[in-house]
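A.B. asks: According to our numbering, the sequence shown is numbered sequentially starting from 9. What follows is a single structure, and I will ask about it in a moment.
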Amino acid sequence: MKRMLFNATHAEELRVAIVDGQKLIDIDIESAGRESRKSNIYKGVITRVEPSLEACFVNYGEERHGFLPFKEISKAFFKPGVEASKARIQDAVAEGMEVIVQVDKEERGNKGAALTTFISLAGRYLVLMPNNPRGGGVSRRVEGEDRQELRETMDKLDYPSGMSLIARTAGIGRAAEELQWDLNYLLQLWKAIESAAGSAPGPFLIYQESSLVIRAIRDYFTQDVGEILIDTDDIYEQARQFMAHVMPDTVNRVKRYRDDTPLFSRFQIEHQIETAYSRIVPLPSGGAVVIDHTEALVAIDVNSARATKGSDIEETALRTNLEAADEAARQMRLRDLGGLIVIDFIDMENPKNQREVEQRLKDALHYDRARVQTGKISRFGLMELSRQRLRPALAEGSHITCPRCNGTGVIRDIESSALHILRVIQEEAMKESTAAVYAQVPVDVATYLLNEKRSELNKLEARLKVEIVLIPNKHLETPHYKAERLRHDDERLSSYRASHTLADTPAEDNSYLESKLEPAKPRQEAVVKGITPEQPPPVPAAPVPAVASAEPRPVARTAVVAAAPTGDDGLLGRILNWFRRKPANEASASPTAAPATTEPGATEGEGGRRPRGAREGRERTGGREGR
């Protein structure tokens, strides 16, 4: 059974996990000190127009300005008289113009937030795009008959022209009244946003996306989720209130977890969450998946490692690649990896095996909420993917760059660092008017230079007439050092100080701690908040019991078998049996045969008789049973 687990025992972090039994399906974590701005709606002011980028920068009230591409600017914000089909950004907009924008992508690194003027308001069953008339449709995750049925239901909805709707997967099987109720709430919300946008000059926050509690239930809760377990009272009350307003028929699935065992430990998912932070993820057969982040892409390497269960190398490669396809899709969801992703599968000679691995990965990605575009496995064994980033990556909110290696993961060894510093000393000593070179180096590097490279240092001093002072500094670690060149007129040359007193205590990189300790910038307060539906949600009709539609089949078969004589089981017997059967109109009057006419999917011809195909099907069935 699927469950939603809310862990909020620590005020600094709220965690939401989706589990199937004891397998972790998805995880979302919200930190108290990290504000999420995705899907927030602001009134902003254009501060700069860049024709070379076909974009403009918008001040929307935060520290860093947002990036608004020209293709994301609605025609409603163009200057009067500008033809949309031939417009350039410098002609369509200007500095100082006010626009209503929504955060499409969060800030990352040195990049500001990506903005759009095409607003999307997400409800329980629908997504309303109030200023985009050509963006409607049905979620790509809805397929087959459900898709067509959902389209037909959406055609019955009443909403203003110039808007469009997207039906979410939660809308499957819902009546038009339920979808209309959700739509009315979104229209009510948009009306409040429009009214607030005209109330004051920008920039300011108009509407803030819901908290993680409401957002998780809205986006992840489906009918196959059996229960929602919450381990704190305040989160429990939030969830119950939201369910009571939006889904009152399922409010009994929200339960307060009170066991002494921690919630996530109870379902054994803590170690599964830790794999989302690890570089190497083991596979069941003994192989492993190695995930590395680069500036351009995310590289996923598949290693067979200890996997030796296959009868030959091809079978071993196929087995490991299939497991890696499942795990790679799962890790992309857990870590929310976005952008370009390249998977290096183990080489396989058989093209059929390559297609099987490709299909396995596509099947594993089917339930991913993000848009994923996949390619084929190349002749080098590489498969390229592009995945939409739904939220900041899991590691971004909990990791900082290593101050020693600066994020590279490796550092120079002692010998290489010593030789590099020796070359730097030589370069500084050769400069004109140099009297001395003071080099503060790690203790290990100083030991190497003063012993293994003592002769080279002496030769440099004699040849260049320069004093070289090596200062071992216990506060430094490779690859860090400090080389300083002193001229002849430097006052420090005349004042004597013992060399061991020259070591500086380097200022530690406390930028992370300082950012935590410094008073946070006051968060903007949304103008539009506390909007609740004007009417209670419609109560869904009780489903028709499936027993009534399932009973006719055995009853009809029994009637046919009873009509067949036991002695005539040959060809002649079957022909006579066919003539002895009652007509359809007589069967409808008989209480035992009546259910046969209500068989699901059956179509009737004129006079109440079944079509020819249906009669022939019954003949064949009767013949088999007669035997």
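Glycine is no exception: its CB is placed at the ideal position from the N, C-alpha and C atoms.
Just to confirm the assignment, what range does the alpha helix (DSSP H) spanning residue 199 have?
C.D. replies: Taking the sequence shown and counting its residues from 1, the one referred to as residue 199 is at position 191. Element bounds for residue 199: 184-205.
A.B. asks: I need the straight-line Cα distance from residue 261 to residue 227, nearest angstrom please.
C.D. replies: Locating residue 261 in the sequence shown gives position 253, counting from the first residue. Locating residue 227 in the sequence shown gives position 219, counting from the first residue. Each residue's alpha carbon lies about 16 Å from the other.
A.B. asks: Would you report the Cα separation of residue 236 and residue 13, rounded to the nearest angstrom?
C.D. replies: What you label residue 236 is simply residue 228 of the sequence shown in a count that begins at 1. What you label residue 13 is simply residue 5 of the sequence shown in a count that begins at 1. Taking the straight line from one Cα to the other gives about 6 Å.
A.B. asks: In whole angstroms, what is the alpha-carbon distance linking residue 352 and residue 416?
C.D. replies: Within the sequence shown, the letter at position 344 stands for residue 352. Within the sequence shown, the letter at position 408 stands for residue 416. Roughly 21 Å between the two C-alpha positions.
A.B. asks: Can you give me the start and stop residues for the alpha helix (DSSP H) that residue 278 sits inside?
C.D. replies: To locate residue 278, count along the sequence shown from 1; it is residue 270. From DSSP, the alpha helix (DSSP H) with residue 278 extends over 278-283.
A.B. asks: So, at 7 Å on beta carbons, what are the nonlocal neighbours of residue 62 in its own chain, with the 5 sequence-adjacent residues on each side left out?
C.D. replies: On the sequence shown, residue 62 is found 54 positions in, with the first residue counted as 1. Answer for residue 62: 77, 78, 97, listed in chain order.
A.B. asks: If you compare alpha carbons, which of 117, 307, 364 is closest to residue 325?
C.D. replies: Indexing the sequence shown from 1 puts residue 325 at position 317. Of the listed residues, the one whose Cα sits closest to residue 325 is 364.
A.B. asks: Following the continuous alpha helix (DSSP H) through residue 247, name the residue where it begins and the one where it ends.
C.D. replies: As a position in the sequence shown, residue 247 is number 239, starting the count at 1. Residues 241-254.
A.B. asks: Need the endpoints of the alpha helix (DSSP H) that residue 154 sits in, please.
C.D. replies: If you number the sequence shown from 1, residue 154 lands on position 146. Note, residue 154: alpha helix (DSSP H), 152-162.
A.B. asks: With a cut-off of 8 Å on the beta carbons, I'd call residue 32 and residue 277 a contact; round off their distance for me.
C.D. replies: Working through the sequence shown from its first residue, we reach residue 32 at position 24. Working through the sequence shown from its first residue, we reach residue 277 at position 269. Contact flag correct, Cβ pair sits at about 5 Å.
A.B. asks: Anyone know if the C-beta pair for residue 426 and residue 476 falls short of 8 Å?
C.D. replies: Looking up residue 426 in the sequence shown gives position 418. Looking up residue 476 in the sequence shown gives position 468. No.
A.B. asks: Let me know the secondary structure DSSP gives residue 333 once reduced to three states.
C.D. replies: As a first step, residue 333 is located in the sequence shown; it is residue number 325 there, counting from the start. Looking at residue 333 - three-state DSSP - the assignment turns out to be helix.
A.B. asks: Could you give the uninterrupted runs of the alpha helix (DSSP H) lying entirely in the segment 59-145, keeping only those of 4 residues or more?
C.D. replies: Within the segment 59-145, the complete alpha helix (DSSP H) runs of at least 4 residues are 97-100.
A.B. asks: Could you tell me the distance, in whole angstroms, from the CA atom of residue 82 to the CA atom of residue 126?
C.D. replies: Residue 82 sits at position 74 when you count from the first residue of the sequence shown. Residue 126 sits at position 118 when you count from the first residue of the sequence shown. About 6 Å.
A.B. asks: Would residue 123 and residue 146 qualify as a contact pair, given that the criterion is a beta-carbon distance under 8 Å?
C.D. replies: Within the sequence shown, the letter at position 115 stands for residue 123. Within the sequence shown, the letter at position 138 stands for residue 146. No; because the gap between Cβ atoms is not below 8 Å, this pair is not in contact.
A.B. asks: One question on the structure: do residue 74 and residue 52 come within less than 8 Å of each other, judged by their Cβ atoms?
C.D. replies: For this step, residue 74 is matched to residue 66 along the sequence shown. For this step, residue 52 is matched to residue 44 along the sequence shown. Yes; because the gap between Cβ atoms is below 8 Å, this pair is in contact.
A.B. asks: In terms of DSSP beta bridges, what is residue 290 paired with?
C.D. replies: Numbered from its first residue, the sequence shown carries residue 290 at position 282. Paired residues: 296.
A.B. asks: Quick one: Cα of residue 499 to Cα of residue 424, how far?
C.D. replies: Numbered from its first residue, the sequence shown carries residue 499 at position 491. Numbered from its first residue, the sequence shown carries residue 424 at position 416. Roughly 33 Å between the two C-alpha positions.
A.B. asks: Tell me the DSSP bridge mates of residue 15?
C.D. replies: Locating residue 15 in the sequence shown gives position 7, where the first residue counts as 1. According to DSSP, which records beta bridges pairwise, residue 15 is partnered with 23.
A.B. asks: Could you check what DSSP says for residue 508 in three-state terms: helix, strand or coil?
C.D. replies: One-based indexing of the sequence shown puts residue 508 at position 500. DSSP places residue 508 in helix when its eight states are reduced to three.
A.B. asks: Going straight from the alpha carbon of residue 603 to that of residue 339, what length do you get?
C.D. replies: Here the question's residue 603 lines up with position 595 in the sequence shown. Here the question's residue 339 lines up with position 331 in the sequence shown. With a pLDDT of 38 at residue 603, under the threshold of 50, the predicted position of this residue should be treated as unreliable, though the coordinate-derived value follows. Rounded to the nearest angstrom, the two C-alpha atoms are 51 Å apart.
A.B. asks: If we ignore side chains and look at the alpha-carbon of each, how far apart do residue 29 and residue 161 end up?
C.D. replies: Residue numbering aside, residue 29 sits at position 21 when the sequence shown is read from its first letter. Residue numbering aside, residue 161 sits at position 153 when the sequence shown is read from its first letter. Roughly 34 Å between the two C-alpha positions.
A.B. asks: When you compare only the Cα positions, how much space is there between residue 309 and residue 335?
C.D. replies: Position 301 of the sequence shown, counted from the first residue, corresponds to residue 309. Position 327 of the sequence shown, counted from the first residue, corresponds to residue 335. Going by the C-alpha atoms only, they are around 12 Å apart.
A.B. asks: Beta strand (DSSP E) containing residue 637: first to last residue?
C.D. replies: No information on residue 637 is available, as it lies outside the stretch 9 to 635 that the chain covers here.
A.B. asks: Does the beta-carbon distance from residue 165 to residue 187 come in below 8 Å?
C.D. replies: On the sequence shown, position 157 is the one that residue 165 refers to. On the sequence shown, position 179 is the one that residue 187 refers to. Contact flag set, yes.
A.B. asks: For residue 107, which option in 538, 113, 84 has the closest C-alpha, if you only look at C-alpha atoms?
C.D. replies: Mapped onto the sequence shown, residue 107 falls at position 99. Among 538, 113, 84, the Cα nearest to that of residue 107 is on 84.
A.B. asks: At which residues does the beta strand (DSSP E) containing residue 535 begin and terminate?
C.D. replies: For this step, residue 535 is matched to residue 527 along the sequence shown. Unbroken run through residue 535: none, as it is neither H nor E.
A.B. asks: Contact between the segment 488-499 and the segment 438-451 is defined here as three or more beta-carbon pairs at a separation below 8 Å; is this criterion met?
C.D. replies: Contact holds: three or more Cβ-Cβ distances are below 8 Å.
A.B. asks: My understanding is that residue 5 touches residue 333, with C-beta atoms under 8 Å, so please give their C-beta distance in whole angstroms.
C.D. replies: Here the chain covers residues 9 to 635 and nothing more, so residue 5 does not appear.
A.B. asks: Assign residue 250 to buried or exposed, taking buried as 16 or more other Cβ atoms, counted over all protein chains shown, within 10 Å of its Cβ.
C.D. replies: Within the sequence shown, the letter at position 242 stands for residue 250. Label assigned to residue 250: buried.
A.B. asks: Please classify residue 163 as buried or exposed, where buried requires at least 16 other C-beta atoms within 10 Å of its C-beta.
C.D. replies: In the sequence shown, the residue the question calls residue 163 occupies position 155. Exposed, since its Cβ has fewer than 16 Cβ neighbours within 10 Å.
A.B. asks: Would you report the Cα separation of residue 641 and residue 488, rounded to the nearest angstrom?
C.D. replies: Past the boundaries of the shown model lies residue 641; the chain is included only from 9 to 635, so the question cannot be answered.
A.B. asks: Apply the 10 Å Cβ neighbour rule to residue 206 and answer buried if 16 or more other Cβ atoms are within range, or exposed otherwise.
C.D. replies: Residue mapping note: residue 206 aligns to position 198 of the sequence shown, counting from 1. By the 10 Å Cβ count, residue 206 comes out exposed.
A.B. asks: Measure the alpha-carbon distance for residue 80 versus residue 121 and round it to whole angstroms.
C.D. replies: Counted from its first residue, the sequence shown places residue 80 at position 72. Counted from its first residue, the sequence shown places residue 121 at position 113. Spanning the two alpha carbons is a distance of roughly 13 Å.
A.B. asks: Please report the distance separating the alpha-carbon of residue 259 from that of residue 252.
C.D. replies: Against the sequence shown, residue 259 aligns to sequence position 251. Against the sequence shown, residue 252 aligns to sequence position 244. Taking the straight line from one Cα to the other gives about 6 Å.
A.B. asks: Kindly provide the ranges of any alpha helix (DSSP H) runs that are 4 or more residues long and lie completely inside the segment 401-461, ordered along the chain.
C.D. replies: As far as the segment 401-461 is concerned, its whole alpha helix (DSSP H) runs of at least 4 residues are 422-437, 451-459.
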